[in-house]
Each structure stands twice: as C-alpha cells, then as structure tokens.
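A.B. asks:
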Amino acid sequence: MKERILVIEDEKRWCDFLSLLMSQAGYEPTATTDSEEGVKLALGQDFSLVLTDLRMPKLDGIEVLKKIKSGKPSLPVIIITAYSTVEAAIESMKQGAFDYITKPFNNEQVMSMVSRAISQAKLERENGGRVFSGGAMAGSELLVGKSGKMQELYKLIGKVSGSNATVLIRGESGTGKELIARTIHKSSPRSSRPFVVVDCSALTETLLESELFGHVKGSFTGAFTSKKGLIEEAESGTIFLDEIGNVSSQVQMDLLRFLQSGEIKRVGDNKWRKVEVRMIAATNQDLEQMISSGAFREDLYYRLNVVSIIAPPLRERKDDIPLLVEHFISKHNQLAGLRIQGISSEAIQLLVSYDWPGNVRELENILARAMTLARGKVLMPEDLPLGQAAKPASYQAGIGFKKL
2 MKERILVIED
12 EKRWCDFLSL
22 LMSQAGYEPT
32 ATTDSEEGVK
42 LALGQDFSLV
52 LTDLRMPKLD
62 GIEVLKKIKS
72 GKPSLPVIII
82 TAYSTVEAAI
92 ESMKQGAFDY
102 ITKPFNNEQV
112 MSMVSRAISQ
122 AKLERENGGR
132 VFSGGAMAGS
142 ELLVGKSGKM
152 QELYKLIGKV
162 SGSNATVLIR
172 GESGTGKELI
182 ARTIHKSSPR
192 SSRPFVVVDC
202 SALTETLLES
212 ELFGHVKGSF
222 TGAFTSKKGL
232 IEEAESGTIF
242 LDEIGNVSSQ
252 VQMDLLRFLQ
262 SGEIKRVGDN
272 KWRKVEVRMI
282 AATNQDLEQM
292 ISSGAFREDL
302 YYRLNVVSII
312 APPLRERKDD
322 IPLLVEHFIS
332 KHNQLAGLRI
342 QGISSEAIQL
352 LVSYDWPGNV
362 RELENILARA
372 MTLARGKVLM
382 PEDLPLGQAA
392 KPASYQAGIG
402 FKKL
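First residue of the sequence shown? That's 2 in my numbering, and the numbers climb one at a time after it.
1. Counting C-beta neighbours from all protein chains within 10 Å, is the total for L374 16 or more, i.e. buried, or is it exposed?
2. Who are the near neighbours of V361 in its chain, counting only those whose CB is closer than 7 Å to its CB and skipping five residues on each side?
3. Roughly how many whole angstroms lie between the Cα atoms of T103 and T82?
4. Enumerate in chain order the residues of its own chain whose CB-to-CB distance from I265 is below 6 Å, with the five nearest sequence positions on each side excluded.
5. Quick check on the burial criterion: 16 or more other C-beta atoms within 10 angstroms. Buried or exposed for S381?
6. If L7 and L42 are in contact, beta carbons under 8 Å, what's the gap, nearest whole angstrom?
7. Give me the residue from G238, R267, V308 and L169 with the minimum Cα distance to I245.
8. Thinking P313 and K150 are a contact (beta carbons under 8 Å), I'd like their distance in whole angstroms, please.
9. Figure out for me which residue from W357, D54, E4 and I91 has the closest Cα to the Cα of E37.
10. Rounded to whole angstroms, what is the Cα-Cα separation between S134 and I158?
11. Quick check on DSSP: helix, strand or coil for T184?
12. Have a look at G377 and P77 and give me their C-alpha separation to the nearest angstrom.
13. With 8 Å as the threshold, decide whether the Cβ of G172 is near any Cβ in chain C.
14. Please determine if the segment 321-341 and the segment 290-306 are in contact, where contact requires at least 3 C-beta pairs separated by less than 8 Å.
15. Counting beta carbon pairs with one atom in the segment 279-289 and one in the segment 232-241, are three or more of them shorter than 8 Å?
16. For the beta strand (DSSP E) containing M280, list its first residue and its last residue.
17. For M336 and G295, I'd like the C-alpha separation in whole angstroms.
18. Would you mind giving the Cβ-Cβ distance between S49 and R5, rounded to the nearest angstrom? I have them listed as a contact below 8 Å.
19. Taking the C-alpha atoms as reference points, what is the distance between Q121 and G39?
20. Who are the near neighbours of E210 in its chain, counting only those whose CB is closer than 8 Å to its CB and skipping five residues on each side?
21. Relative to the C-alpha of S162, which candidate in G146, E179, S188 and L144 has its C-alpha closest?
22. Going by C-alpha to C-alpha distance, which of S113, Y84, M94 and M114 sits closest to P105?
23. What did DSSP end up calling W357 once you bin it into helix, strand or coil?
24. Since I80 and S71 are thought to touch, with beta carbons under 8 Å apart, how far apart are those beta carbons, to the nearest angstrom?
25. Which runs of the beta strand (DSSP E) spanning at least 3 residues fall entirely within the segment 139-220, listed in chain order?
26. For the putative contact between V353 and I322, defined by C-beta atoms under 8 Å, what is the C-beta separation to the nearest angstrom?
27. Mark L208 as exposed unless 16 or more other C-beta atoms lie within 10 angstroms of its C-beta, in which case mark it buried.
28. Please report how far the alpha carbon of D384 lies from the alpha carbon of S346, in whole angstroms.
29. Since D243 sits in a beta bridge, which residues does DSSP pair it with?
30. Where does E12 sit, in a helix, a strand or coil, going by DSSP?
31. According to DSSP, what are the bridge partners of K228?
32. Would you identify the three-state DSSP class for A312, choosing helix, strand or coil?
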C-alpha cells in the first residue's frame with residue numbers, strides 16, 4: 002500500500018510540481034491550493050506526511066502546522082517556502098515541523114527529507130514516541146544570515162528552545178555564541194524572565210565564585226553586605242556562562258553540584274538554596290583536550306554538553322556577508338547618526354575574498370570604522386582597512402556600486 006502524502010501549496014504550478022514529484026517517487030499524493038481545506042484533509046483523512054507552503058492566504062504555514070499538530074501530533078509536517086527568515090525557521094521547528102526547506106530546492110534533497118520523515122514517524126509509532134510541539138515563540142532578530150550553515154543553526158535552535166536541556170555552544174571568537182544563546186532564550190518559554198551573562202574569563206576564581214553563587218556578609222575581606230549571586234538573579238530564566246573553559250577546578254566542582262542538584266550555597270553560608278534556571282555555556286577551547294590534560298572535569302563536560310551547537314565561522318558562510326553588511330550599515334547609521342547609503346560591488350567582493358579570522362565581530366568593527374571615516378555616502382574598497390592581499394584581481398575603484 003502506497004504512503005499517502007498531502008501537499009498544501011497555494012501556487013498551482015508548485016502544487017502540481019510537488020504532486021508529480023511525490024507520484025514519481027512512488028507515493029500517493031493528495032493536493033490542494035486552499036490552506037483551510039488542507040487542514041481539514043489532514044485531520045479528516047490518513048496521511049503519512051504533509052508538505053505545506055509557508056506564505057498562503059487564509060492560513061499561513063505556521064498556522065497550518067499548529068492546527069495539524071494539535072489534532073495529529075505524530076503526523077510529520079515539512080515546511081516549504083521561498084521566503085526564508087530566521088523567525089520562520091526557528092518557529093516552524095519549535096512548533097514541531099519535521100524540517101524546513103527553501104525554494105528553489107534540489108529534488109533529491111526533498112525526497113530524502115520525505116523518506117526520513119516517514120521512516121521516523123513509523124519508528125515513533127512503533128515505539129510509542131511522541132513528537133514535541135512547543136508553544137508560541139518570541140520573535141528573533143538577533144542572528145543574521147540565510148546560508149545553509151545558518152539554516153541548520155536556526156533549525157537546531159528551534160528544536161532546543163522549548164526544552165530545559167543544558168546547551169554547550171562551541172566556536173571561534175567572534176562567531177556570535179552569545180547571540181545564539183540569546184536567541185535560544187528569546188525563543189523559549191523563559192523569554193520574559195532574566196537572561197544573565199557571565200564572562201568567566203574576566204574574573205578571578207574568588208570573584209567568579211562570589212558572582213555566580215553570591216556571598217554572605219563577612220565571608221571575605223570587603224564583603225560588607227550579603228549579596229545574591231547571578232545564578233539566583235537568573236531565577237526561572239537563563240544563565241549564559243561564556244568562556245566556560247577558563248573556570249577553575251573549584252568553580253567547576255560547584256557548577257557540577259548545582260547541575261546535579263539544582264541547589265547553590267552562597268560563599269560563607271551553610272544554607273542550600275533551590276534555584277530553577279536553564280544553563281547555556283560557550284567556549285572557543287578544545288574541552289576534550291582539556292579533559293585529557295586534567296584541566297576540565299569530564300563529568301561537568303557531559304552535564305553541560307547535553308545539546309551541542311557549533312557557531313559557524315564567517316569564512317564558512319560567506320554568502321551571508323552582503324546581508325551582514327546591510328544589517329551593520331543600518332545599525333551603525335542609527336547608533337552613530339551616520340548617513341551611509343550603501344556599498345560598492347567592488348567593496349563587497351573585497352569583503353567576500355577575505356578570510357575573517359575575527360569572524361562577524363571583525364566584520365562589524367571594520368564596517369563601523371569605515372562608515373565613520375568614509376569620504377562619501379557609499380563605502381568603497383579604499384574605505385575598508387583590509388590588507389592589499391585581500392583585494393580581488395578584478396578590483397577597479399568606483400565602478401558599479403549597489404545599495405543594500
């Protein structure tokens with residue numbers, strides 16, 4: 002018996018194409034260009050999978066997804082769209098979509114996704130598994146990019162944002178690890194609660210212990226009053242520990258105890274206090290190597306690394322550079338009262354040809370400086386403080402700028 006697949010797509014040409022694609026692969030497609038009719042079909046008949054467009058009249062793809070998941074939580078849904086945004090990718094995954102793919106797409110990629118979705122749904126039914134369906138998410142405008150690397154990142158954020166699992170974000174300096182953590186928090190049910198950032202590399206062991214766990218009056222020289230720690234300040238929210246690889250063995254032990262028990266003890270106090278908080282940590286170090294050398298606790302590593310997220314370096318997602326440039330020009334025009342109107346195509350080529358050892362942070366710093374010192378309202382290659390070796394061979398100053 003053929004697997005039945007429901008296609009919901011308001012554009013008839015895409016609806017017909019997807020139906021043909023499913024039929025050629027041996028599935029039995031049912032198609033509709035009406036999103037409300039699609040929901041009725043999904044809930045009223047038996048299907049193995051739903052393919053739905055994102056932007057449609059009446060009900061959009063997210064609304065279709067929510068209605069299907071409320072009635073048939075185990076029915077896998079794949080979102081297909083030509084309008085890829087951070088918000089749509091994260092929200093679709095958070096609401097329980099199996100996956101998210103953008104037009105135009107590779108036919109083999111779609112069919113592989115369809116096959117995996119149907120196989121996984123069968124396995125979950127056999128094992129009594131349930132598909133997660135989260136609540137409404139808060140919008141996110143923190144991360145910028147539409148490259149494949151970023152799309153995968155958005156999907157992962159969407160999957161983890163609804164849980165309380167600890168997350169370890171790994172990546173080079175300047176890749177936006179804190180932004181990823183903030184986006185997870187903003188996309189979670191904790192979004193209205195505190196998001197507390199701790200730079201573990203900026204404090205000594207004694208100060209870090211006091212900042213994290215708090216202290217009581219007289220516990221050490223200068224402790225004139227009792228103070229609540231940052232973990233307590235983050236109650237019901239999220240605490241983000243940046244550069245976790247820099248913490249001492251004593252602080253590692255205290256963090257492990259907290260992750261195991263959910264309790265903390267202020268420095269100099271005998272009382273244990275229960276604190277409910279989600280922990281996200283980040284590092285640019287090789288923690289596995291540090292474990293081998295005895296510099297980092299293996300048991301703490303496994304407690305932190307329940308979910309691992311890699312922040313991609315900018316050199317691996319250069320397709321995002323034009324979008325990032327647009328974002329930073331707009332941002333610094335507002336922050337500094339500047340009036341930069343755009344950037345030349347040659348300047349974009351120069352930026353794309355550079356390897357960005359400092360990643361997105363370096364790109365923003367270079368653009369902020371260039372905007373401040375630019376001789377005109379359009380950024381040119383000579384405005385960018387990059388080495389001559391980074392210039393493309395085809396560089397010609399002043400020819401063909403484009404505004405972003």
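Just so it is clear, CB atoms sit at the ideal spot from N, CA and C, and this is done for glycine as well.
C.D. replies: So, to answer that:
1. exposed
2. Cβ neighbours of V361 beyond the five flanking positions: G175, T176, G177, L315 and L325.
3. When the Cα atoms are used, T103 and T82 turn out to be separated by approximately 5 Å.
4. F214, I232, F259, R274 and V276
5. It should be pointed out that residue 381 corresponds to Met in this sequence rather than to Ser. It counts as buried.
6. 6 Å
7. L169
8. Yes, they are in contact, since the Cβ atoms of P313 and K150 sit about 4 Å apart, within 8 Å.
9. D54
10. The predicted model places S134 with a pLDDT of 29, which falls under 50 and marks its position as unreliable; any figure quoted below should be read in that light. Taking the straight line joining both Cα atoms gives about 14 Å.
11. Three-state DSSP puts T184 in a helix.
12. 53 Å
13. Here chain C cannot be found, since the structure has a single protein chain.
14. no
15. Short answer: they touch.
16. R279 to T284
17. First, the residue type needs correcting, since residue 336 is Leu and not Met in the sequence shown. Computed Cα separation, rounded: 45 Å.
18. Right, their Cβ atoms sit about 6 Å apart.
19. Going from the Cα of Q121 to the Cα of G39 covers about 23 Å.
20. Excluding residues within five positions, the ones whose Cβ falls inside 8 Å are Q251, V252, D255 and V268.
21. Taking only the C-alpha atoms, the option nearest S162 is S188.
22. Y84
23. Reduced to three states, the DSSP call for W357 is coil.
24. With 8 Å as the limit, I80 and S71 do not qualify as a contact, their Cβ atoms being about 16 Å apart.
25. 168-171 and 196-200
26. 5 Å
27. exposed
28. 13 Å
29. D200
30. coil
31. H216
32. coil
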